[in-house]
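The structure appears below as structure tokens.
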Amino acid sequence: MNPIQIYQKLLKYFGKQHWWPAETRFEVIVGAILIQQTNWRSVERVIENLKSRGLLNPHSLATASLNQIEALIRHLNFFRQKARRINNFSRYLLGKYGSLDKFFSKPTEEIREELLSLKGIGPETADSILLYAADRLTFPIDAYTIRLCECLGIKDLKYERLRGFFESNLPKDLEVYKEFHALIDKLGKTYCKVKPQCTSCPLMNECGFKLQSN
DNA sequence: TCCCAGGCAGGGC
DNA sequence: GCCCTGCATGGG
1193 MNPIQIYQKL
1203 LKYFGKQHWW
1213 PAETRFEVIV
1223 GAILIQQTNW
1233 RSVERVIENL
1243 KSRGLLNPHS
1253 LATASLNQIE
1263 ALIRHLNFFR
1273 QKARRINNFS
1283 RYLLGKYGSL
1293 DKFFSKPTEE
1303 IREELLSLKG
1313 IGPETADSIL
1323 LYAADRLTFP
1333 IDAYTIRLCE
1343 CLGIKDLKYE
1353 RLRGFFESNL
1363 PKDLEVYKEF
1373 HALIDKLGKT
1383 YCKVKPQCTS
1393 CPLMNECGFK
1403 LQSN
């Protein structure tokens, strides 16, 4: 089963998801850190709050105190960690590059290494930032993607292996990358929840497992 | 009530 | 290398 066929089927079934919903690249980055293990609705409210106070920019988040940031994102889980993380990223960005333009003018692999060296930015967050903020052909692997690959019968579910699998089998098209990742998420949220609804899943014919009764 | 959400870091082994 | 735990709130 080729990923592109999965993609086309999901696109036909769910339609375009239009990820990442953000006005700026910096907003994508902040969102990518805040969304970790959280639901998007909660993050959306926090983003709007930061925006309405004029704080959703590197300079404001770099100079704000941790207490201030914590207070603004307090209804998210791990809010103390996340406050430190967005403050830390902002300070790093301004201190070393001065602007996102400069940071993102580097080769993809160098940006990726640097993102991964920062506290709170792991593989999925780094790759989401590369794809949705920096427009690089990098395919993020999240928990839903791993579940999908498991269902498709892929044995080696290690992050870099799966990333390689998608990146070597997909057309080099940013729109495909962006939509596909979002569609996999939509699929997971809809059918792979606590009680998997495999029998109504649009990919049940592609499933590598013989469907077990739900 | 309980489970989990678009992870990550740090420790033990 | 893998596995476990803490982080910590709100929604379903």
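For the first sequence, the working numbering assigns the number 1193 to the initial residue and increments by one for each residue that follows. Every residue gets a Cβ at the ideal spot worked out from N, C-alpha and C, and that includes glycine.
Check                                                                                              : Outcome
Q1197 (DSSP reduced to helix, strand or coil)                                                      : helix
Alpha-carbon spacing of I1225 relative to N1269, whole angstroms                                   : 12 Å
Contact set for D1327: own chain, Cβ-Cβ below 8 Å, skip 5 residues either direction                : L1366
Alpha helix (DSSP H) segment containing K1370, residue limits                                      : L1366 to Y1383
Whether E1253 touches S1282 by CB criterion (7 Å)                                                  : The residue asked about is misnamed: residue 1253 is Leu in this sequence, not Glu. Taking 7 Å as the Cβ cut-off, L1253 and S1282 qualify as a contacting pair.
The ligand FMN heavy atom lying under 6 Å from the CB of E1302                                     : Although the ligand FMN was asked about, the structure shown includes no ligands whatsoever.
Under 7 Å between C-beta atoms of A1325 and V1220                                                  : yes
DSSP three-state assignment for L1310, whether helix, strand or coil                               : coil
Rounded straight-line distance, which links the Cα of L1248 to that of P1299                       : 26 Å
Which listed residue (Y1369, L1362, L1307 and E1306) has its alpha carbon closest to that of P1332 : Y1369
Proximity winner among E1215, C1384, L1242 and R1355, relative to A1263 (alpha-carbon distances)   : L1242
Alpha carbon of R1272 to alpha carbon of R1266, nearest angstrom                                   : 8 Å
Close beta carbons around L1203, own chain, < 7 Å, minus the five adjacent residues each side      : E1371 and L1375
Closest residue to L1344 among I1239, C1393, L1292 and R1276 (Cα-Cα distance)                      : C1393
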